[in-house]
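In this note's numbering, the protein residues as written are 5 to 98.
Heads up, the beta-carbon is just placed ideally off N, CA and C, and yes, glycines get one too.
Only a predicted model underlies this, so the values are computations on that prediction, with no experimental measurement involved.
Below: the structure, in structure tokens.
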């Protein structure tokens with residue numbers, strides 16, 4: 005996963021919503037996670053969340069809204085768009 009994170013390029017599209025909104029990579033966050041933008045808003049996906057999802061994914065656990073709620077209900081509620089970024093990053097493993 006670290007290789008995938010290190011290969012991200014500024015302004016790279018990480019996800020596009022059904023409405024055509026692009027989530028763009030900005031930089032790695034202070035904790036090693038991902039900072040991205042949705043329109044003019046900055047969002048951060050914490051490194052711990054990425055790595056826990058990566059480990060569970062490797063153990064054949066499906067990473068979905070239920071997983072995110074069980075992992076960190078507060079984060080899932082306040083940053084629901086992070087799930088799309090998690091799925092994008094995990095799909096790059098396959």
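| Asked | Found |
| --- | --- |
| Relative to the C-alpha of residue 28, which candidate in 94, 71, 86, 81 has its C-alpha closest? | 86 |
| Among residues of its own chain, excluding the 5 on either side of residue 72, which ones have a beta-carbon nearer than 7 Å to its beta-carbon? | 80, 87 |
| Pick helix, strand or coil for residue 7, following the three-state DSSP scheme. | helix |
| Please tell me whether residue 61 and residue 5 are closer than 7 Å, where the distance is taken between their beta carbons. | no |
| In whole angstroms, give me the CA-to-CA distance for residue 64 and residue 45. | 33 Å |
| Using the beta-carbon count (16 or more within 10 Å), is residue 97 buried or exposed? | exposed |
| Can you tell which of 75, 43, 49 has its C-alpha closest to the C-alpha of residue 92? | 49 |
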